[in-house]
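For reference, the structure is listed below as structure tokens.
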Amino acid sequence: MEKKHILLGLTDSEYDLIKEKLGREPNDLELAMYSVMWSEHCSYKSSRIHLGRLPSASPRVLVGPGENAGVIDVGDNIAVAIRIESHNHPSAIEPYQGAATGAGGIIRDIFTMGARPIALMDPLFTGPPEQPHNAYLLDGIVKGISGYGNSVGVPTVGGNLVFDTCYNQNPLVNVFCLGILPKDRLVLGRASGVGNLVVLLGSSTGRDGIGGVSILASAAFESDQAGDTTSQSSSKRPSVQVGDPYEEKRLIEASLALLDAHLVVAIQDLGGAGLACATSELAARGRVAMDVYLSEIPLRESDMTPPEIMTSESQERMLAIVKPDDFADVQEICKKFEVQASVIGHIVPESSDCPNQLRILTEAGGTVLADIPAATLADEAPKYNREITPPKPLAKLDDMLSASRDPAEIATDGSHHASVPDIAEDILRLLVDPAFVYEQYDHQLFTNTVCGPGEADAAVLKLSAPDIAFTGKALALSSDANPNYCAIDPRLGTAMTVAESALNVACTGAEPIGLVNCLNFGNPEHGEVMWQLSESIDGMAQACRELDIPVVGGNVSLYNSSEGKDILPTPVVAVVGLIESISQKPPIIGLNAEETLILLGQTEHNLCGSAVSRLHEQSSPRAHACNLPRLDLKFHKQLIGFITKLVGAQIGSSNGIPQEIANSTDNLLSYIHDVSFGGIAIALCEMAIKSQCGAIVTGISSVEELFSESPSRVIVCTKFPEKILELSQQYGIPSKVIGSAGGKAVTADNLFTLDLANMSDQFSGYLSTYLKVTDRE
Amino acid sequence: MAEATLYLMTTQTTEEMNKMEYKVQVIIKPLDVIANPEGKAIERALSALSFTQANKVRVGKVVNFSISADTAEAAQKITEEICQKLLVNPVMEYSEILISQEAG
Amino acid sequence: MAEATLYLMTTQTTEEMNKMEYKVQVIIKPLDVIANPEGKAIERALSALSFTQANKVRVGKVVNFSISADTAEAAQKITEEICQKLLVNPVMEYSEILISQEAG
Amino acid sequence: MNPLIKIITFPGTNCEYDAYKQLRFLGAEAELVWHQQSTLGNCSGIILPGGFAHGDYLRPGAIARFSPIMEEVIKFAEAGGPVVGICNGFQVLTECGLLPGALSKNEEMRFICKTVPCVVKSTASVLTSAATGGQELHLPINHGEGNYVCDDATLQYLTTNNMIVLSYTTNVNGSIENIAGITNKIGNVVGLMPHPERAVDPLTGQTDGQVLLKSFIEATK
Ligand SMILES: Nc1ncnc2c1ncn2[C@@H]1O[C@H](COP(=O)(O)OP(=O)(O)O)[C@@H](O)[C@H]1O
Ligand SMILES: [Mg+2]
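Chains as they are written, first to last, in the working numbering: chain A, 516 to 1292; chain B, -4 to 99; chain C, -4 to 99; chain D, 70 to 290.
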């Protein structure tokens, strides 16, 4: 039989390290706790040494990476808390519950900080929905986010939807949450005060997701779909965690009430690795010793073993540190919200030889079952500097999928667009309306939503919450990813992703103030994956530094693979922007007949990594064979500043606005859209479809110009073209007229003509066609 | 879709002449180890209504349909396939199948 | 709430000594006259999967629980009350009750 | 005493603050009432807001109707006081028998959140008195179980007594007769699936909900 620690996902050398930390052999309970805490998911052992390169400081940052969520000061004594997390592997096994518990987990991270969760975004990546199993996964994932998010009362205001065969067996489900708080409600997960109580709030503990983090989020993960449906077959898989949004809703209300009443010293959510994680992190961060009594933990099943109790990932639980004198008041509040509160331990005096001992006892005064320095669990997992192997120049990143033609050739000659109907055909194939997804999400709760999903380049929310009055400010949120670009050049691709996200919030008049990221990659034991990860972090660091956006948090999900192949590198970023003052809705995506279309920024005629190139490769452009368009971060920053001011002036901000704009009484901008996926072609068609108004495109001369996804570009639709051209010149932004709006078709000289009805049908019909009927096959 | 099905039934009438209609009931229950929040909520409501005698509440689904097949065994086989392909997710649920001959 | 239940069970131990545990299964089905979107959705999926033999799909709920009572009749009576008060909405649904003695 | 609207909050309710905020924006006084309370106190009108009372488990509204406050709500309604149930509140009103019929799962089996055109079918209710018959209102809907069902006799009863107050212009969720909202016979109890409180603030979009809330506020005076 294999050694216990191997079965638990620990290597021989990790086992030796545990022995060294303890000065003895660990017992079964201790080994179980180490195995979950030292898992990739909890310890970031492969990525930690790289993450330090991300810039995380700014005068606004109150809490940076390392806590449950990042916290940013937005003035008026208000702060926002943001975080993003993945729930990829659980969603591959059970899409509904995987996604639902993903939402539940990230929401807990936010209210743990004292913030009321007011927005979710859900970047989703699956295989193409034409394949029934992918449709089944996507349908379940969306229903899971919908079922949980709507019911728990947090609106989902944005997200992404990316299809690629590399996610066939391994969908990516990232969930972002934003909360807002009065600054003085901020709490950190640091236990303190000898004699204080350790109080478990929320659900009973069951056998959910036992060993989930080590098994699901590690090399041992393998999706096996087979199963006996007609009996209660036992399975080696950890049991699926089931989300209960109703429990979480009550937990949110109870936790915020406890914080408002100053009844907790510290609080921490229970996520991956359950109690093992929450107890050790609270103790380690606070440098205190803690005793935990298993007898006091309410169990769903009476026959659970100590390792099962300590590593269970039962959902909707929180751990609070409470002064003994306050416990009666805590119970009072918990009773109101029907939340279970149990004292399961104490902060105890430190022993002289070990500063923050975490002891697990059968009961108070009972047998000691585990006795571990908390920091060795929480902070002292090995950090690996795994081997990094850059791919050979021009080598295929993915040998399984070979392009039917040399992508370099496609990238430069565009010859596959020999005939004009081809272009129209390609555009139709690139038009996908995610409305089918976001219309299943409550995106209006709290009546904050100024721009909902699908309306503008970023979601815009009034900065207010049930307990925080609107002061005239607003937030803009955008999540982005560009796996195609990252496959070709993870460093530049990631920088471009950051750039796009920042420009998206700028298009609503917001100044980018913070970013969180979720790094979804393949197997870190593959040198090339580590290279992708390291490059991606460098690209993010560089872009964030140059654009002055602090990275306040993140999450790493490794071992993502499908059919034995690592996924494309998929770093996801979410940027939050601040609108200092809003009195009018920002310009959104659309067109107004008889107005002028102006492109701000310059197009590089380069189709490398573009969506349209992908259409003409058998698989996808994972070849390392072409050069992505350039990204000039200095210029990009200038563009962001210009757009923020231009839009900001129109919607009521008075921050550094040029005189000419402030004086204008009529709106300078009627509509705005950034140029990204599908280039100018798709940007214009989306604008046309949204307001059912056509356009005559004049300034575009080639296929490359039409479909290029070079960064730093925005299209505006305006009544005042001269003014825009003049202002952009003044601010050093290249601009040109590319046509005018009107009619019932989008037409570009010699390139394509598409009528609105045709485009609209294709746009809205794609997802519903494949998601109407979904089976598990 | 419903129309399509009807149409098929009409055209297939001759070859389906010998088939019987079976009534199928599939009960789908959550596996014991899986949390069942709905059951928990109902249990809470029952206790608030002073039905304290009731506990261990678990909620599942029941799917009833008709199947046309040559024999009960064939109907059973098709139903098992339907469960496996569509109705039951084995990582969370198990099912019980009951087949009876259609009355009338 | 869970604590409250526990507490009640403890104090009632003596008078509950003679009670039996009964297993209850309540099947809640949609009334025939009421449309059943869930059933229709499954029917669509079945026909897409070429299970054209199956039709008239109706989906309901199954609620399982334990009841402690003196006799099966008493258990049946309590269950009927529970159905009437909470589990079944007669505008859309009807129920079937099955009571059996707890194994072990 | 000044008119005071009570907004009933169950565990799992989540639109109570939105209703509160918008009623106050429109000049009314409002207060949240926790479901465990057994008296309403000074009360000139009641809103049962949207959300997921008791998690919507079993059936939306099925468990909420047993909360202590509901006895008071029923008494208030039976005495002719104005009561409006929005979305989940509508579900509670049908479950507790103040309104006929029931709300089942949306025909497409998906949750729907979007703004849809509705038509005022009757102005003889506390929610529609300030609107005009046939008026088109763009109102946000946000529900998974808003598919109104009832038997033929009930439908007959609803139509002959002019009790359908609001309907969708296209059938978004499968409801009989496109029903979006109904009232009781005397017009003081109204349930509707659309969220008028989400269509008040011009900054967040439509303002078509104002006329409905204003009718209700007027009825509480
Ligand atoms: N999974 C999702 N959940 C919620 N909203 C989504 C989702 N996917 C896309 N959206 C929304 O749909 C709109 C268009 O998405 P997309 O085409 O990805 O935007 P972008 O312009 O950034 O490429 C955006 O407003 C986005 O927030
Ligand atoms: Mg964008």
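For every residue, glycine included, the Cβ atom is placed at its ideal position computed from N, Cα and C.
Strand pairing of residue i, partner residues [DSSP]
i                : result
isoleucine 983/A : Ala980/A
glutamine 783/A  : Leu834/A
tryptophan 11/D  : Nothing in the structure corresponds to residue 11/D, since chain D is present only between 70 and 290.
glycine 860/A    : Val713/A and Val807/A
lysine 18/C      : Ser61/C and Ser95/C
cysteine 182/D   : Asn211/D
glutamine 872/A  : Pro888/A
methionine 636/A : Gly673/A and Phe691/A
glutamate 600/A  : Val690/A
threonine 641/A  : Phe678/A
threonine 882/A  : Paired residue(s): none; threonine 882/A is not in a bridge.
aspartate 1189/A : Val1229/A
Residue i classed as buried or exposed, judged by whether at least 16 other C-beta atoms fall within 10 angstroms
i                : result
alanine 123/D    : The residue asked about is misnamed: residue 123/D is histidine in this sequence, not alanine. By the 10 Å Cβ count, histidine 123/D comes out buried.
arginine 874/A   : buried
arginine 539/A   : exposed
glycine 710/A    : exposed
glutamine 291/D  : Since the first residue shown for chain D is 70 and the last is 290, residue 291/D is missing from the structure and cannot be characterised.
serine 738/A     : Per-residue confidence for serine 738/A stands at a pLDDT of 33, beneath the threshold of 50, marking its modelled position as unreliable; the derived number appears in the next sentence. Serine 738/A is exposed by the Cβ-count criterion.
serine 90/C      : buried
proline 922/A    : Reliability of the predicted coordinates at proline 922/A is poor, the pLDDT of 39 falling under 50, and the value obtained from them is presented with this limitation in mind. So proline 922/A ends up on the buried side.
glycine 120/D    : buried
arginine 1145/A  : exposed
proline 258/D    : Residue 258/D is actually valine in this sequence, not proline. Answer is buried; the Cβ neighbour count reaches 16.
histidine 777/A  : exposed
lysine 988/A     : buried
aspartate 1081/A : buried
isoleucine 656/A : buried
threonine 720/A  : buried
alanine 288/D    : buried
glycine 880/A    : exposed
leucine 715/A    : buried
glycine 256/D    : buried
threonine 1284/A : exposed
Cβ distance (whole Å) where residue i is taken to contact residue j below 8 Å
i                  : j               : result
methionine 825/A   : glycine 789/A   : 7 Å
glycine 1024/A     : proline 968/A   : Contact flag wrong, Cβ pair sits at about 18 Å.
glutamate 1061/A   : proline 1226/A  : Their Cβ separation, rounded to whole angstroms, is 13 Å, which puts glutamate 1061/A and proline 1226/A out of contact at 8 Å.
phenylalanine 60/B : asparagine 50/C : 6 Å
isoleucine 62/B    : valine 58/C     : Wrong, their Cβ atoms sit about 25 Å apart, outside the cutoff.
valine 1091/A      : leucine 990/A   : 6 Å
arginine 128/D     : asparagine 84/C : 6 Å
leucine 101/D      : leucine 282/D   : Between leucine 282/D and leucine 101/D the Cβ distance is about 17 Å, and since that is not below 8 Å, they are no contact.
Check your understanding: On the three-pair Cβ rule with 8 Å, is the region 595 to 609 of chain A touching the region 678 to 698 of chain A?
Key -> Look at the beta carbons and you see the region 595 to 609 of chain A touching the region 678 to 698 of chain A: at least three pairs across the two are nearer than 8 Å.
| said: Going residue by residue through the region 95 to 155 of chain D, where are the continuous beta strand (DSSP E) segments of at least 3 residues, counting only ones entirely within it? | reply: Listed in chain order, they are 99 to 103, 114 to 117 and 152 to 155.
Any contact of the region 1113 to 1122 of chain A with the region 1035 to 1049 of chain A, i.e. 3+ C-beta pairs under 8 Å?
Contact between the region 1113 to 1122 of chain A and the region 1035 to 1049 of chain A is absent, because fewer than three Cβ pairs lie under 8 Å.
Report task. Go through the region 646 to 734 of chain A residue by residue and report every complete run of the beta strand (DSSP E) that reaches 3 residues or more, in order. Result -> Fully enclosed beta strand (DSSP E) runs of 3 or longer: 671 to 678, 687 to 697 and 712 to 717.
Spell out a yes or no on whether the region 569 to 581 of chain A and the region 665 to 685 of chain A are touching, meaning 3 or more CB-CB pairs, one atom from each, closer than 8 Å. The region 569 to 581 of chain A makes no contact with the region 665 to 685 of chain A, as fewer than three CB pairs between them are under 8 Å.
Taking the runs of the beta strand (DSSP E) that are 3 residues or longer, which of them lie wholly in the region 994 to 1070 of chain A? Within the region 994 to 1070 of chain A, the complete beta strand (DSSP E) runs of at least 3 residues are 1026 to 1035.
- Query: Within the chosen definition, does the region 1192 to 1212 of chain A reach the region 1069 to 1077 of chain A through at least 3 CB pairs nearer than 8 Å?
  - Reply: Taking a cut-off of 8 Å on C-beta distances, the region 1192 to 1212 of chain A does not touch the region 1069 to 1077 of chain A, as fewer than three cross pairs fall below it.
### Stretch-stretch touch, CB-based, cutoff 8 Å, three pairs: the region 700 to 716 of chain A with the region 615 to 633 of chain A
Segments in contact, yes.
Entirely within the region 1196 to 1242 of chain A and at least 4 residues each: give me those alpha helix (DSSP H) ranges in chain order. If we require 4 residues or more, the alpha helix (DSSP H) runs fully inside the region 1196 to 1242 of chain A come out as 1218 to 1222.
Worksheet item: Fully enclosed by the region 206 to 279 of chain D, which alpha helix (DSSP H) runs are 4 residues long or longer?
Response: Fully enclosed alpha helix (DSSP H) runs of 4 or longer: 221 to 229.
Item to complete: Assess, as a yes-or-no matter, whether the region 212 to 222 of chain D is touched by the region 184 to 199 of chain D under the definition of 3 or more beta carbon pairs within less than 8 Å.
Response: As far as the Cβ criterion goes, the region 184 to 199 of chain D does not touch the region 212 to 222 of chain D, which means the pair count is below three.
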